[in-house]
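In the working numbering, the protein residues as written are 4 to 395. In this text, a Cβ means the ideal position worked out from N, Cα and C, and glycines have one as well. Notes follow the structure.
As structure tokens, this is what we get:
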């Protein structure tokens, strides 16, 4: 009886300790996440050309930038009013009207509105096509960035989070698939927390899903009771997997991702026995994964090199892009080997978070012992199950 009482009191003590530690994390706010965020906000004016916008993305090694316009001229992304105002006078200087990603730009280049001759030229453009090809490409890249906002869903996902927003409320936003939010550095609404549809500040910084996950990983000792569980037990695995094959061209991969509202797709091994259209998304479940094609990879695409990689398959492109200086370690003379970031069905959430953060990827593929796809765990999934467990 004494032993049973001891075990019971020990379990109760552990539960109380966890509850206290978890409460400490729940008391944290967005401003606590921003303490170590030294990155300046990268933005472009609404009149910037797509060529200029692409250069800004590549130079700053980011995949998305907010677009700024003069005040009073735009409705704004999703009806929001995110304004930058003079700190002294309060006069509004600019209005952030949306977000543009690398995928938006490449989807514009590979738009289905191109006629067949244009697409054929872009894919097979050799020396005898180069002048005409470059003229068409220059024309596409000379349009104003404001003209493509909203072509992809993420372009309208421009959110702001008040610095006093709780971690749990921040997690709720990011658990719904919002990838990033702007945080005012000197909010005029200090007594309000949560997601703001109207916000004015003299400057902003960007907070991403990855920033939040890195912060949560640093507090793993407070979350260990949750993160030590398997991703299967927590319900973190997304079973539906849209994929492309090793025969899919880069342009077709970009079109497919745009239509499917996807930021990344697994590349699966094609099978001669199956009649599959390489231009269409494929059910990847139960298939052999051999690579990943993602919007993050597209950061290495300088405008001047487009004609070189457009004729490639997505698999060839991912192998070629690894030689880009943007993807090489400063301490290594050899280009890094492109590895598939994957986990097993019974992997713990802690192990999956470690893989995502260490490799700086936004999803981890779930495979069985034969390397066949069984699902994926995205940053959205990780944040979702962490939040639900904290609430319970």
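Might you give, ordered along the chain, the residues of its own chain that have their beta carbon closer than 7 Å to the beta carbon of residue i, omitting 5 neighbours on each side?
{"i": "residue 45", "result": "59, 63, 65 and 68"}
{"i": "residue 90", "result": "189 and 205"}
{"i": "residue 223", "result": "230 and 353"}
{"i": "residue 220", "result": "356 and 360"}
Cβ of residue i within 7 Å of Cβ of residue j?
{"i": "residue 445", "j": "residue 177", "result": "Because the chain in this structure spans residues 4 to 395, residue 445 falls outside the shown range and cannot be described."}
{"i": "residue 111", "j": "residue 151", "result": "yes"}
{"i": "residue 215", "j": "residue 186", "result": "no"}
{"i": "residue 271", "j": "residue 292", "result": "yes"}
{"i": "residue 241", "j": "residue 378", "result": "yes"}
{"i": "residue 210", "j": "residue 352", "result": "no"}
{"i": "residue 268", "j": "residue 239", "result": "no"}
{"i": "residue 3", "j": "residue 249", "result": "Residue 3 falls outside the range modelled here, since the chain spans only 4 to 395, and no answer is possible."}
{"i": "residue 147", "j": "residue 50", "result": "yes"}
{"i": "residue 278", "j": "residue 28", "result": "no"}
{"i": "residue 252", "j": "residue 311", "result": "no"}
{"i": "residue 70", "j": "residue 38", "result": "no"}
{"i": "residue 40", "j": "residue 208", "result": "yes"}
In chain order, what residues of the same chain lie with their CB nearer than 6 Å to the CB of residue i, ignoring the 5 residues before and after it?
{"i": "residue 116", "result": "Confidence in residue 116 is poor, its pLDDT being 45 and thus under 50, which makes the residue's placement unreliable; the coordinate value appears in the next sentence. If we look at residue 116 and ignore the five residues flanking it on each side, it has no Cβ neighbours."}
{"i": "residue 212", "result": "177, 182 and 382"}
{"i": "residue 197", "result": "For residue 197, the predicted model reports a pLDDT of 49, less than 50, meaning its position is unreliable and no value from the coordinates is stated."}
{"i": "residue 108", "result": "53 and 57"}
{"i": "residue 345", "result": "368 and 370"}
{"i": "residue 365", "result": "382"}
{"i": "residue 144", "result": "53 and 54"}
{"i": "residue 392", "result": "229"}
{"i": "residue 180", "result": "383"}
{"i": "residue 290", "result": "271 and 376"}
{"i": "residue 362", "result": "344"}
{"i": "residue 42", "result": "none"}
{"i": "residue 320", "result": "253 and 312"}
{"i": "residue 273", "result": "248, 249 and 250"}
Where do the N-terminal and C-terminal ends of the alpha helix (DSSP H) with residue i fall, by residue?
{"i": "residue 261", "result": "253-262"}
{"i": "residue 366", "result": "Premise fails: residue 366 lies in the beta strand (DSSP E), 366-370, not in any alpha helix (DSSP H)."}
{"i": "residue 359", "result": "352-362"}
{"i": "residue 323", "result": "317-324"}
{"i": "residue 389", "result": "382-394"}
{"i": "residue 33", "result": "33-36"}
{"i": "residue 152", "result": "Element bounds for residue 152: n/a, residue is neither H nor E."}
{"i": "residue 229", "result": "223-230"}
Using a Cβ-Cβ cut-off of 8 Å (strictly less than) and excluding sequence neighbours within five positions of residue i, which residues of its own chain qualify?
{"i": "residue 105", "result": "57, 60, 66, 67, 298, 301, 302 and 304"}
{"i": "residue 233", "result": "348, 349, 350, 351 and 352"}
{"i": "residue 288", "result": "242, 243, 244, 376, 377 and 378"}
{"i": "residue 385", "result": "216, 239, 352, 355, 356 and 359"}
{"i": "residue 231", "result": "351, 352 and 353"}
{"i": "residue 88", "result": "94, 95, 96, 191, 203, 204 and 205"}
{"i": "residue 74", "result": "86, 95, 96, 97 and 98"}
For residue i, which of the options has the nearest alpha-carbon?
{"i": "residue 343", "options": "359, 107 and 392", "result": "359"}
{"i": "residue 322", "options": "347, 345 and 294", "result": "294"}
{"i": "residue 228", "options": "380, 189, 188 and 395", "result": "395"}
{"i": "residue 72", "options": "89, 55 and 95", "result": "95"}
{"i": "residue 166", "options": "387, 206, 388 and 362", "result": "206"}
{"i": "residue 203", "options": "365, 42 and 93", "result": "93"}
{"i": "residue 140", "options": "162, 113 and 161", "result": "113"}
{"i": "residue 32", "options": "85, 149, 170 and 86", "result": "170"}
{"i": "residue 388", "options": "43, 362, 149 and 235", "result": "235"}
{"i": "residue 266", "options": "296, 149 and 42", "result": "296"}
{"i": "residue 184", "options": "221, 34 and 324", "result": "34"}
With residue i as the anchor, note down where its beta strand (DSSP E) starts and where it stops.
{"i": "residue 58", "result": "From DSSP, residue 58 is part of no beta strand (DSSP E) but of the alpha helix (DSSP H) over 53-63."}
{"i": "residue 97", "result": "95-104"}
{"i": "residue 179", "result": "Where residue 179 is concerned, there is no enclosing beta strand (DSSP E), given that its DSSP letter is neither H nor E."}
{"i": "residue 208", "result": "207-211"}
{"i": "residue 348", "result": "That residue, residue 348, is in no beta strand (DSSP E); it is neither H nor E in DSSP."}
{"i": "residue 235", "result": "Counting along the chain, residue 235 falls outside any beta strand (DSSP E), though it belongs to the alpha helix (DSSP H) covering 234-237."}
{"i": "residue 295", "result": "292-297"}
{"i": "residue 247", "result": "245-248"}
{"i": "residue 70", "result": "67-72"}
{"i": "residue 270", "result": "267-271"}
Of all Cβ atoms in chain D, is any one closer than 7 Å to the Cβ of residue i?
{"i": "residue 370", "result": "No chain D is part of this structure, which consists of one protein chain only."}
Can we count residue i as close to the ligand FAD, meaning its CB is less than 6 Å from some heavy atom?
{"i": "residue 213", "result": "Only the bare structure without any ligand can be found here, which leaves the ligand FAD out of the picture."}
message: Pairs of beta-carbons, one from the segment 269-283 and one from the segment 242-261, closer than 8 Å: are there three or more?
response: yes
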